[in-house]
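Numbering (the working numbering), first residue to last: 53 to 298.
In this text, a Cβ means the ideal position worked out from N, Cα and C, and glycines have one as well.
Written as structure tokens, this is what we have:
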């Protein structure tokens, strides 16, 4: 009798839980979405599974010596490398919204294990935006240093790309008046680090910013991400730098 009572209570709890979940989903859809996003992040914070199968499926017949990894956030992910760079062994490992902390977590899976000749690192704007919590410039710098050290230990050449400028059309520009200063500060440190440690600094910023330090209007449709014209500017610059490794 006691066992039966316990089973009934457990069954009732399950029903009440299901009802509560359905009520939240109906009445508070935004809250539910955020809860699901948070759950997903906790389950795979570094998002190691995003490229897991693609990494396994990489064509073993392609000469690894020619492989170049483009490693970053949405600006990298949205870049159609196959269309931009015909017949090149360029691999896209960008994930939208990622910070340098998350990129550091997946650096082995999505860079080191693929044994590229070169890795192009473009990141930082999501750290400044606080996508995974408040980040100081020093914390971002530390993540850059760690990725650099890991690459060097595995004989991978590094190209550090500057953080791109943004303009007033970007929500980040509207929510954080200091964002432009933060971008310039981070880029200044990155360039200085590269100069002192014989690393390559790829200056997208200077070629894409207007006289006010804003992302040129014609290079972006949303004030943050490059459009076709923006990526064309970037493609020309990166190709010139990659030539140094041939």
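To the nearest angstrom, how far is the alpha carbon of residue 87 from that of residue 184? Within the chain shown, the letter at position 35 stands for residue 87. Within the chain shown, the letter at position 132 stands for residue 184. Because residue 87 sits at a pLDDT of 49, beneath the cut-off of 50, its placement in the model cannot be relied upon, and the following sentence gives the value as read from the coordinates. Roughly 15 angstroms separates the two Cα atoms.
For the candidate residues 231, 209 and 238, whose alpha-carbon lies nearest to that of residue 118? Locating residue 118 in the chain shown gives position 66, where the first residue counts as 1. For residue 118, the nearest C-alpha among the options comes from 209.
Per DSSP, what kind of secondary structure is residue 87 in: helix, strand or coil? Mapped onto the chain shown, residue 87 falls at position 35. Low local confidence applies: a pLDDT of 49 at residue 87 is under 50, so the model's placement there is unreliable, and no value is given.
Assuming residue 150 and residue 101 are in contact, meaning their beta carbons sit under 8 angstroms apart, how far apart are those beta carbons, in whole angstroms? One-based indexing of the chain shown puts residue 150 at position 98. One-based indexing of the chain shown puts residue 101 at position 49. Between residue 101 and residue 150 the Cβ distance is about 13 angstroms, and since that is not below 8 angstroms, they are no contact.
Are the beta-carbon atoms of residue 223 and residue 260 separated by less than 8 angstroms? Along the chain shown, read from residue 1 onward, the residue named residue 223 stands at position 171. Along the chain shown, read from residue 1 onward, the residue named residue 260 stands at position 208. No.
Span separating the alpha-carbon of residue 221 from that of residue 236: Within the chain shown, the letter at position 169 stands for residue 221. Within the chain shown, the letter at position 184 stands for residue 236. Each residue's Cα considered, the two are about 18 angstroms apart.
What's the call for residue 279, buried or exposed, on a 16-neighbour Cβ count within 10 Å? Locating residue 279 in the chain shown gives position 227, counting from the first residue. With fewer than 16 other Cβ atoms within 10 Å, it is exposed.
Between which two residues does the alpha helix (DSSP H) containing residue 294 stretch? In the chain shown, the residue the question calls residue 294 occupies position 242. Start and end: 280–294.
Spatial neighbours of residue 129 within its chain, please: C-beta separation below 8 angstroms, excluding the five flanking residues on both sides. Taking the first residue of the chain shown as position 1, residue 129 is located at position 77. Contacts found: 144, 146, 147 and 148.
Just tell me which of 191, 133, 204 and 123 has its CA closest to the CA of residue 288. Position 236 of the chain shown, counted from the first residue, corresponds to residue 288. Of 191, 133, 204 and 123, the residue nearest in Cα terms is 133.
How many whole angstroms separate the CB atoms of residue 173 and residue 123, which I take to be in contact at a CB cut-off of 8 angstroms? Locating residue 173 in the chain shown gives position 121, where the first residue counts as 1. Locating residue 123 in the chain shown gives position 71, where the first residue counts as 1. Contact flag correct, Cβ pair sits at about 5 angstroms.
Other residues of its chain near residue 186: CB distance less than 7 angstroms, five sequence neighbours each side excluded: Mapped onto the chain shown, residue 186 falls at position 134. Answer for residue 186: no residue qualifies.
With a floor of 3 residues, list each beta strand (DSSP E) that falls wholly inside the segment 168–205, ordered by position along the chain. 170–174
Where does the unbroken alpha helix (DSSP H) through residue 107 begin, and where does it stop? Along the chain shown, read from residue 1 onward, the residue named residue 107 stands at position 55. That run of the alpha helix (DSSP H) goes 104–109.
Determine the DSSP secondary structure at residue 158, reduced to helix, strand or coil. Position 106 of the chain shown, counting from 1, holds the residue named residue 158. Coil, per DSSP.
Please state whether DSSP places residue 71 in a helix, a strand or coil. Numbered from 1 along the chain shown, position 19 holds the residue referred to as residue 71. Looking at residue 71 - three-state DSSP - the assignment turns out to be helix.
Find out if the Cβ-Cβ distance for the pair residue 179, residue 107 is shorter than 8 angstroms. As a working note, residue 179 is residue 127 in the chain shown. As a working note, residue 107 is residue 55 in the chain shown. Cβ distance not < 8 angstroms, so residue 179 and residue 107 don't count as in contact.
Residue 234: first and last residue of the uninterrupted beta strand (DSSP E) it sits in: Taking the chain shown and counting its residues from 1, one reaches residue 234 at position 182. Segment 231–248 is the alpha helix (DSSP H) holding residue 234; no beta strand (DSSP E) there.
Return the residue from the list 175, 228 and 285 that minimises the CA-CA distance to residue 211. Counting from one through the chain shown, the residue named residue 211 turns up at place 159. With distances taken between Cα atoms, residue 211 lies closest to 175.
Measure the beta-carbon distance from residue 215 to residue 239 and round it to whole angstroms, keeping in mind my assumption that it falls under 8 angstroms. By one-based count along the chain shown, residue 215 stands at place 163. By one-based count along the chain shown, residue 239 stands at place 187. Contact flag correct, Cβ pair sits at about 6 angstroms.
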